[in-house]
Amino acid sequence: MERVFKLPSTTFIGGKEKFLPLREILGRLEKAYCNKIGVEFMFINSLEQCNWIRERFETPNIMTYTNEEKRLILARLTRATGFEAFLAKKFSSEKRFGLEGCEIMIPAMKEVIDVSTRLGVESIIMGMPHRGRLNVLANVCRKPLHQIFTQFAGLEAADDGSGDVKYHLGTYIERLNRVTNKNIRLAVVANPSHLEAVDPVVQGKTRAEQFYRGDGEGKKVMSILLHGDAAFCGQGVVFETMHLSDLPDYTTHGTIHIVVNNQIGFTTDPRHSRSSPYCTDVARVVNAPIFHVNGDDPEAVMHVCKVAAEWRATFHKDVIIDIVSYRRNGHNEIDEPMFTQPLMYKKIRGTKPALDIYANQLITEGVVTAEEVKSVKDKYEKICEEAFEQAKIETHIKYKDWIDSPWSGFFEGKDPLKVAPTGVIEETLVHIGNRFSSPPPNAAEFVIHKGLLRVLAARKEMLENKTIDWALAEAMAFGSLLKEGIHVRLSGQDVERGTFSHRHHVLHHQTVDKATYRPLCHLYPDQAPYTVCNSSLSEFGVLGFELGYSMTNPNALVCWEAQFGDFNNTAQCIIDQFVSSGQAKWVRQSGLVMLLPHGMEGMGPEHSSARVERFLQMCSDDPDYFPPESEEFAIRQLHDINWIVANCSTPGNYFHLLRRQIALPFRKPLIVLTPKSLLRHPECRSNFSEMTDGTEFKRLIPDALTAENPNQVKRVIFCTGRVYYDLLKARRDRKLDHDIAISRIEQISPFPYDLVKAECAKYPNAELVWAQEEHKNQGCWTYVQPRFDTAINSTRDFSAQEEKLVQQKTSQGFNIPQGTFNSPTSGSAASKGRKVRISSRPLSYVGRAVSASTATGTKATNIREFDVLMKDAMSIGKPPRRMPPTNGGGSLLPGRSSSNEKRETRKIKRVGFASFLF
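Mapping to UniProt numbering: the sequence shown position 378 is 378, numbers consecutive.
Structure representation (structure tokens):
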């Protein structure tokens with residue numbers, strides 16, 4: 001053991017010494033790796049990075065602190081502990097998801113911020129679950145304590161919106177860092193109880209701020225993500241977000257992850273909540289070093305935090321700090337953890353808090369006295385008491401104080417009910433179209449695919465005819481915004497080319513790897529930047545990222561496109577928790593655009609429907625309320641709704657819809673059902689005259705063919721999107737051009753009550769029909785039906801004879817809304833009639849029957865369903881068919897009374913009922 005060995009170059013345990021006895025070698029290695037810190041880094045495939053880490057943990061006496069630094073750690077730990085104790089005393093019956101057991105997280109975060117600020121970081125964006133959030137707001141961000149305490153008072157909100165519980169709210173603070181004497185901006189992003197859902201949102205916000213600051217290496221803006229141990233390994237979005245970390249258009253150049261390791265998830269032990277040895281093993285996939293540290297050793301925690309911040313600043317890669325601690329109370333303060341972890345909590349009850357352990361250590365070392373420790377505690381408690389008294393004065397909660405990144409100057413000076421023009425002069429359209437339709441300037445050297453040469457030639461031909469298709473309209477919308485200084489970002493799977501090979505915003509050299517040309521980046525010398533980027537095969541993570549991106553700068557058009565519309569299913573958490581309700585809960589606006597390809601074109605159940613019914617169900621407009629008609633009707637509806645749902649049928653209207661996102665004096669998410677077959681449909685074209693100065697987005701497009709003789713029209717078909725062209729062809733084939741009018745509702749929500757009312761009044765002798773290609777329990781039917789009722793209904797006293805007539809019509813299949821008949825007027829005889837609210841012109845449904853599946857997977861069934869749809873739509877004067885439901889495959893269930901049912905029954909008898917089902 002006393003034999004001296006020469007130290008290899010792969011270790012730093014000798015410091016400046018090159019020779020050490022074996023006993024000393026083993027002692028130093030044990031001190032570095034077998035103490036309060038565990039380091040995982042050997043899987044990193046870079047010798048430089050491995051040696052960098054070794055040097056910071058093996059070098060002798062590297063983890064030493066001055067007395068002043070120790071007193072600072074103690075003061076921060078005292079504040080963190082004191083805050084939780086104060087809340088427990090004042091609000092003993094309130095849930096607060098306190099930090100007891102891991103109070104060291106607060107000094108840890110402050111150490112990361114101090115070191116990062118010293119290394120040049122000016123802005124830090126944070127995301128975290130609910131545990132410890134209030135403490136972070138109070139002691140890391142330094143949010144005024146009285147604003148936090150008002151959240152416990154049960155006050156009414158002074159702002160619009162429904163608000164959220166206190167441990168979900170975010171904040172934004174700009175203050176002086178007293179340790180480094182530099183200004184720092186801190187933002188905590190608001191998020192729901194879906195713990196890790198905020199991860200990609202934070203990354204998107206961080207990336208956006210880096211972009212707009214010109215911080216291409218992430219030296220000024222960084223992100224910190226806090227996690228619970230069970231969620232870190234259990235939630236798939238963690239993995240999705242991790243895999244964005246090194247992608248060129250998504251990287252934030254390194255994130256510091258801090259895991260508050262309670263060693264338990266709600267009531268589940270680690271042995272039941274993960275299959276890997278450590279909760280942090282997911283980080284190994286991106287070669288991130290992982291530092292495990294004992295939360296009861298503050299100095300070890302501070303060292304790990306210092307190293308993590310330096311790692312991020314040096315290599316601009318992710319790093320993990322795993323603070324191994326415990327949860328002193330149950331999942332919340334009124335929970336009983338002994339029910340499920342009796343042995344664990346028996347030990348916790350006998351464990352001293354980290355503050356007591358460290359205070360005793362420093363008293364023993366002579367760094368502080370017991371009186372000084374008490375003085376620091378008392379001083380902070382006095383600060384809390386004063387803030388508590390100040391909070392009593394407040395009468396309302398102001399949610400504007402909790403916005404995580406305010407848009408300074410955006411709302412000021414704007415008329416909230418005035419939309420800027422969306423039309424563009426023809427010269428601009430021609431210029432953008434020509435650039436978009438031209439090969440690169442060095443076309444002789446840049447080899448383009450022959451198929452793309454034909455695409456470019458077709459675009460040139462359209463420009464000569466002053467007509468545009470869908471792809472050209474989108475390019476003109478983007479290009480005109482770029483000309484006006486608006487940054488445009490388009491993200492999603494295959495968006496550069498387009499899933500349906502229609503967009504081609506990135507041209508690839510056919511013989512040189514990585515050589516590309518992006519026409520929309522070369523429109524004008526002083527244009528705004530255009531970002532178009534294929535994403536990883538992720539919806540949850542990428543949609544969250546783009547949402548965060550959109551929240552940073554209101555003067556940018558941020559679009560996410562699903563490969564197929566129903567792929568948004570796997571991003572439903574972001575849609576439900578952030579996009580649809582973000583403004584109501586957190587007073588947080590976003591202009592995010594979601595492009596969802598949609599259409600029942602025989603492509604099967606998973607490539608047909610964008611599930612528009614889900615988006616419409618979450619719209620915050622009342623189906624029974626017809627807003628007062630005025631000049632500001634349309635804009636007021638947009639102002640009051642939570643998001644916009646549209647299904648355009650013309651490229652020109654799509655052009656205006658995209659531009660309107662920026663023209664609005666506020667921001668709302670936009671859900672667009674985009675086409676597939678219409679991308680190349682010869683009739684789906686728009687003229688320049690539909691996009692030039694003085695034109696605007698059309699919420700409803702009336703039928704131009706029947707407008708001259710509306711009294712002759714026998715049926716008005718209302719529809720939306722691509723089915724219009726099918727109906728148009730069916731009407732033409734049957735020579736019913738003057739008998740049937742087809743009106744297109746382009747903006748489904750908010751619903752155009754005024755235009756629908758006027759359109760119905762235009763055709764006084766016509767029956768009203770809603771036609772859709774989706775199944776009856778899907779699509780727009782359940783949304784539009786009560787709103788049509790509101791738009792055209794009247795209320796009057798019906799006689800008994802009239803009432804009988806209404807009931808007769810109902811029995812014949814005409815649609816009479818539920819709840820039509822009210823109770824008889826008090827004191828009147830039934831013979832005098834009732835107060836009846838009824839549409840004198842009921843709206844009938846034409847479309848597919850109800851179904852569990854979004855679409856059939858067989859071509860023959862799809863054609864049969866389509867033919868029936870067209871036949872019913874053109875059948876003037878016939879009551880709507882009573883359609884039986886279909887099973888998962890689109891075939892009729894047995895026991896129904898239609899002609900098709902008899903054929904299906906015979907089939908069942910032949911193949912056997914079990915075979916039919918399975």
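Just so you know, even glycine gets a beta-carbon here, dropped at the ideal spot from N, CA and C.
Name the two residues that bound the continuous beta strand (DSSP E) containing T252.
Working through the sequence shown from its first residue, we reach residue 252 at position 252. Element bounds for T252: n/a, residue is neither H nor E.
Relative to the C-alpha of A190, which candidate in V201, K182, T180 and N181 has its C-alpha closest?
On the sequence shown, position 190 is the one that residue 190 refers to. Among V201, K182, T180 and N181, the Cα nearest to that of A190 is on V201.
Can you tell me which of the three DSSP states Q341 falls into?
Indexing the sequence shown from 1 puts residue 341 at position 341. In the structure shown, Q341 sits in coil (DSSP, three-state: anything other than H, G, I, E or B).
Close beta carbons around residue 920, own chain, < 8 Å, minus the five adjacent residues each side:
Within the shown structure, residues of the chain are numbered from 1 to 918, placing residue 920 beyond reach of any answer.
Within this structure, are the beta carbons of I125 and A187 separated by less than 8 Å?
For this step, residue 125 is matched to residue 125 along the sequence shown. For this step, residue 187 is matched to residue 187 along the sequence shown. Yes, the Cβ-Cβ distance between I125 and A187 is below 8 Å.
If you reduce the DSSP assignment to three classes, tell me which class S677 lands in.
As a position in the sequence shown, residue 677 is number 677, starting the count at 1. S677 falls in the helix class under three-state DSSP.
Taking the continuous beta strand (DSSP E) assigned at M551, which residues delimit it?
Residue 551 sits at position 551 when you count from the first residue of the sequence shown. Counting along the chain, M551 falls outside any beta strand (DSSP E), and DSSP gives it neither H nor E.
Here's the rule I'm using: 16 or more other beta-carbon atoms within 10 Å means buried, otherwise exposed. How should N653 be labelled?
Counted from its first residue, the sequence shown places residue 653 at position 653. Buried, because 16 or more other Cβ atoms sit within 10 Å of the Cβ of N653.
What residue range is occupied by the uninterrupted beta strand (DSSP E) comprising N181?
By one-based count along the sequence shown, residue 181 stands at place 181. Here N181 belongs to no beta strand (DSSP E), and DSSP marks it neither H nor E.
What I want to know is whether the C-beta of P144 ends up closer than 7 Å to one or more non-hydrogen atoms of the ligand SAM.
Looking at this structure, you won't find the ligand SAM or any other ligand, since it has none at all.
Can you tell me where the alpha helix (DSSP H) holding P200 begins and where it ends?
What you label residue 200 is simply residue 200 of the sequence shown in a count that begins at 1. Residues V198 to R213.
Note the first and the last residue of the continuous beta strand (DSSP E) segment covering A556.
As a working note, residue 556 is residue 556 in the sequence shown. First-last of the beta strand (DSSP E) with A556: A556 to E561.
Could you give the C-beta distance for I224 and I256, rounded to a whole number, given that I count them as a contact under 8 Å?
Locating residue 224 in the sequence shown gives position 224, counting from the first residue. Locating residue 256 in the sequence shown gives position 256, counting from the first residue. With a Cβ gap of about 5 Å, I224 and I256 count as contacting.
Name the two residues that bound the continuous alpha helix (DSSP H) containing P21.
The residue labelled residue 21 in the question sits at position 21 within the sequence shown. No alpha helix (DSSP H) holds P21; the beta strand (DSSP E) holding it covers F19 to P21.
Taking the alpha-carbon positions, what's the M618 to V121 distance?
Translated into the one-based positions of the sequence shown, residue 618 becomes position 618. Translated into the one-based positions of the sequence shown, residue 121 becomes position 121. Spanning the two alpha carbons is a distance of roughly 40 Å.
Three-state class that DSSP yields for L892 in the structure shown
Along the sequence shown, one-based indexing puts residue 892 at 892. Interpretation of L892 is limited by its pLDDT of 42, a score under 50 that renders its predicted location unreliable; no figure is taken from the coordinates.
If you count every other CB in all the chains shown that lies within 10 Å of the CB of P107, and 16 or more means buried, which is it?
For this step, residue 107 is matched to residue 107 along the sequence shown. P107 should be labelled buried.
Cα-Cα separation between M1 and L29, rounded to whole angstroms:
Start at 1 with the first residue of the sequence shown, and residue 1 comes out as number 1. Start at 1 with the first residue of the sequence shown, and residue 29 comes out as number 29. Taking the straight line joining both Cα atoms gives about 14 Å.
Which class does S276 belong to by DSSP, given the choice of helix, strand or coil?
The residue labelled residue 276 in the question sits at position 276 within the sequence shown. Note: S276 maps to coil in three-state DSSP.
Does DSSP classify G236 as helix, strand or coil?
In the sequence shown, residue 236 corresponds to position 236, counting from 1. Note: G236 maps to helix in three-state DSSP.
Spatially closest choice to E111 from G604, F339 and A300, by CA coordinates:
Here residue 111 refers to the residue found at position 111 when the sequence shown is read from its first residue. Out of G604, F339 and A300, A300 has the C-alpha closest to the C-alpha of E111.
Hey, is the region 450-465 in contact with the region 714-733, meaning 3+ C-beta pairs nearer than 8 Å?
no
Please classify T449 as buried or exposed, where buried requires at least 16 neighbouring CB atoms within 10 angstroms.
For the purposes of this step, residue 449 is taken as the residue at position 449 of the sequence shown. In the sequence as presented, Thr is not what sits at residue 449; that position holds His. So H449 counts as exposed.
4-residue-minimum alpha helix (DSSP H) runs that sit fully inside the region 465-491, ordered along the chain:
Runs found: 470-483.
Taking a contact to mean a Cβ-Cβ separation below 8 Å, would you say I701 touches R667 in this structure?
Residue mapping note: residue 701 aligns to position 701 of the sequence shown, counting from 1. Residue mapping note: residue 667 aligns to position 667 of the sequence shown, counting from 1. No, the Cβ-Cβ distance between I701 and R667 is not below 8 Å.
Neighbourhood of N135 by C-beta, 7 Å cutoff - its chain only, sequence neighbours within 5 removed
In the sequence shown, residue 135 corresponds to position 135, counting from 1. If we look at N135 and ignore the five residues flanking it on each side, its Cβ neighbours are A80, F83, E84, L99 and I106.
For C533, three-class secondary structure by DSSP:
Reading the sequence shown from its first residue, position 533 is the one you call residue 533. C533 falls in the strand class under three-state DSSP.
Just to confirm my understanding: we take Q49, look at its own chain, exclude 5 residues before and 5 after, and list those with CB closer than 7 Å. What are they?
In the sequence shown, counting from the first residue as 1, residue 49 sits at position 49. For Q49, the CB contacts under 7 Å within the same chain, skipping 5 residues up- and downstream, are F315 in chain order.
Measuring alpha carbon to alpha carbon, tell me which residue in L664, F152 and Q341 is nearest K414.
In the sequence shown, the residue the question calls residue 414 occupies position 414. That would be L664, whose Cα lies nearest to the Cα of K414.
Ignore the nearest five residues each way along the sequence and tell me which others in S46's own chain have a CB closer than 8 Å to its CB.
Stepping through the sequence shown from its first residue, residue 46 is reached at position 46. Closer than 8 Å at Cβ, skipping near neighbours: N287.
Count the C-beta pairs between the region 843-859 and the region 605-616 that are closer than 8 Å, then say yes if the count reaches three, no if not.
yes
Do you know whose CA, among E561, W781 and N711, lies nearest V612's CA?
Counting from one through the sequence shown, the residue named residue 612 turns up at place 612. Nearest C-alpha to V612: W781.
Helix, strand or coil for S915, going by three-state DSSP, please let me know.
The residue you call residue 915 lines up with position 915 of the sequence shown. Residue confidence for S915 is low, a pLDDT of 33 falling below 50, so the modelled location carries little weight; the figure read from the coordinates is stated next. It is helical.
First and last residue of the uninterrupted beta strand (DSSP E) at S123:
The count along the sequence shown starts at 1 and reaches residue 123 at position 123. Where S123 is concerned, the enclosing beta strand (DSSP E) stretches over S123 to G127.
Give me the Cα-Cα distance between L507 and P248, rounded to the nearest whole angstrom.
Here residue 507 is taken as the residue at index 507 of the sequence shown, counted from 1. Here residue 248 is taken as the residue at index 248 of the sequence shown, counted from 1. Straight-line spacing of the CA atoms in L507 and P248 works out to 18 Å.
Beta-bridge partners of W770, as assigned by DSSP
Taking the sequence shown and counting its residues from 1, the one referred to as residue 770 is at position 770. F718 and Y845.
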